[in-house]
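Participant: Counting in UniProt numbering, the sequence shown runs from 1 upward without gaps. Cβ atoms here follow ideal geometry from the backbone N, Cα and C, with glycine treated the same way. Note that the structure is a prediction, hence the values are computed from the model and not measured.
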Amino acid sequence: MPALPAAFTTHPVAHRALHDAGAGVIENSPAAIDRAVRAGYGIEIDLQLSADGVPMVFHDGTLDRLTAARGPVRDRTARELGDIRLNGSEDRIPTLAQVLDRIGGSVPLLIELKDQSGGMSEADTALEEATAKVLADYTGDVAVMSFNPHMMAAMQRLAPDLPRGLTTCGYVPSQWPRLLPEACAALRAISAFDAVGAGFISHDWTDLANPRVAELKAQGVPVLCWTVKSHEVDAEARKIADNVTFEGYLPQVRPAHD
Numbered sequence: 001m002p003a004l005p006a007a008f009t010t011h012p013v014a015h016r017a018l019h020d021a022g023a024g025v026i027e028n029s030p031a032a033i034d035r036a037v038r039a040g041y042g043i044e045i046d047l048q049l050s051a052d053g054v055p056m057v058f059h060d061g062t063l064d065r066l067t068a069a070r071g072p073v074r075d076r077t078a079r080e081l082g083d084i085r086l087n088g089s090e091d092r093i094p095t096l097a098q099v100l101d102r103i104g105g106s107v108p109l110l111i112e113l114k115d116q117s118g119g120m121s122e123a124d125t126a127l128e129e130a131t132a133k134v135l136a137d138y139t140g141d142v143a144v145m146s147f148n149p150h151m152m153a154a155m156q157r158l159a160p161d162l163p164r165g166l167t168t169c170g171y172v173p174s175q176w177p178r179l180l181p182e183a184c185a186a187l188r189a190i191s192a193f194d195a196v197g198a199g200f201i202s203h204d205w206t207d208l209a210n211p212r213v214a215e216l217k218a219q220g221v222p223v224l225c226w227t228v229k230s231h232e233v234d235a236e237a238r239k240i241a242d243n244v245t246f247e248g249y250l251p252q253v254r255p256a257h258d
C-alpha cells in the first residue's frame with residue numbers, strides 16, 4: 001500500500017482549509033486555501049461531484065448552508081457551481097483542479113471524498129473516477145480518505161499508487177440514524193482497513209482511546225485526528241495521534257525531525 005508522506009505528520013492540517021468566517025474567509029474557499037498555504041499548514045478539503053462529473057471543493061451535499069442557492073450540489077454543472085458566491089465573501093465554489101493549481105505542491109493536501117450513497121454503501125464511482133483523473137498528474141504531497149470504505153476500495157482500483165485512508169469515529173448508532181447497528185459496529189471496528197489497502201486513519205479525537213486505534217498505531221499505521229479546536233485539546237490528542245486536523249486556533253508546524 002502507498003505510504004502516507006511524512007509531511008502529513010509534520011504540518012498540522014487546516015480543516016476545510018484555514019477558514020475564518022468572521023473575517024470573510026469561508027471553509028473550502030480559495031481564500032482559505034491561500035491563507036493556509038501562506039501559513040505553511042497542511043490542508044484538508046472535501047469533494048462533491050457536479051452534474052457534469054467535475055470534483056467540486058465543497059463539504060455539504062446541498063448548497064443551502066453556505067450559499068444563497070438551494071438544492072443538491074450534484075444537480076448543477078461545474079460552471080453553474082463556479083458562479084455561486086459563498087455567503088459572507090466574494091469567493092465562488094472552486095473545482096479540485098483549481099485548488100491544486102493554487103497549492104502547487106507547496107503544502108500537503110488531504111482530500112475527503114464525501115459519501116455519495118447516503119448510507120456508507122456502494123454507489124456509482126463517478127466521484128472517485130473524476131478525482132483519480134484530476135490527481136493523476138499532481139506531484140505534490142496528497143492523500144485521499146473517506147468515511148465510506150467502498151469509496152476507498154474504488155480508489156485502490158483507480159489510483160493504486162495514491163495514499164488512501166479511512167475517516168473514522170466511534171459510530172454511536174444514535175448519531176448515525178441512516179446506518180444499521182451492525183454497520184456501525186463494522187465501521188467502528190475499522191474492519192475494512194486492510195481490504196481497501198488503507199495506509200492511515202483520520203479518527204475523531206474524542207474517540208482516540210478506541211482499542212482499534214491503539215491496535216493500528218502499534219502496527220505503525222499513522223493516526224491523524226479530527227477536528228481539534230484548541231491548543232489544550234491539541235496537546236491531549238497528540239498523546240495518541242501523530243497529527244491533528246484543526247480549526248479555530250493556530251498550532252505550530254512541527255520540525256521534520258520530531
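Whose C-beta lies closer than 8 Å to the C-beta of A237 among residues of the same chain, with five residues either side of it excluded?
Facilitator: For A237, the CB contacts under 8 Å within the same chain, skipping 5 residues up- and downstream, are W205, L208, C225, V228 and V244 in chain order.
Participant: Does the count of Cβ pairs from the stretch 3-21 and the stretch 29-46 closer than 8 Å reach three?
Facilitator: yes
Participant: Could you tell me if Y41 is buried or exposed, where buried requires 16 or more neighbouring beta carbons within 10 angstroms of its beta carbon?
Facilitator: buried
Participant: Go through its chain and collect everything with a Cβ distance to H257's Cβ below 6 Å, but skip five positions before and after it.
Facilitator: Residue placement at H257 is poorly supported in this model, since its pLDDT is 46, which falls under 50; the coordinates still yield a value, given next. Closer than 6 Å at Cβ, skipping near neighbours: no residue.
Participant: Are at least three pairs of beta-carbons, each pair with one atom in the stretch 112-128 and one in the stretch 42-49, less than 8 Å apart?
Facilitator: yes
Participant: Apply the 10 Å Cβ neighbour rule to P72 and answer buried if 16 or more other Cβ atoms are within range, or exposed otherwise.
Facilitator: exposed
Participant: Of the residues P5, R74 and S202, which one's Cα is nearest the Cα of I240?
Facilitator: S202
Participant: Excluding the 5 residues preceding and the 5 following D64 in the sequence, name in chain order all residues of the same chain whose CB lies nearer than 6 Å to its CB.
Facilitator: R70
Participant: For G42, which beta-bridge partners are listed by DSSP?
Facilitator: V13
Participant: Quick one: grab the DSSP three-state call for P211.
Facilitator: helix
Participant: Taking contact to mean 3 or more Cβ pairs, one atom from each stretch, closer than 8 Å, check whether the stretch 169-177 and the stretch 193-200 are in contact.
Facilitator: no
Participant: In its own chain, which residues sit with a C-beta less than 6 Å from the C-beta of P108, not counting the 5 before and 5 after it?
Facilitator: A7, F8, H11, G42 and D141
Participant: According to DSSP, is R238 part of a helix, a strand, or is it coil?
Facilitator: coil
Participant: Since H98 sits in a beta bridge, which residues does DSSP pair it with?
Facilitator: The residue asked about is misnamed: residue 98 is Gln in this sequence, not His. DSSP output for Q98 lists no bridge partner at all.
Participant: Please state whether DSSP places L4 in a helix, a strand or coil.
Facilitator: coil
Participant: So, for G82: in the same chain, excluding its five sequence neighbours on each side, which residues have a beta-carbon less than 8 Å away from its beta-carbon?
Facilitator: R92, I93, P94 and T95
Participant: Determine which residues share a DSSP beta bridge with F200 and list them.
Facilitator: G165
Participant: What first and last residue would you give for the beta strand (DSSP E) that runs through A143?
Facilitator: First-last of the beta strand (DSSP E) with A143: V142 to S146.
Participant: DSSP three-state call for E129: helix, strand or coil?
Facilitator: helix
Participant: Identify whether T206 lies in helix, strand or coil by the three-state DSSP scheme.
Facilitator: helix
Participant: Answer with buried or exposed for D115, where buried requires no fewer than 16 other C-beta atoms within 10 angstroms of its C-beta.
Facilitator: buried
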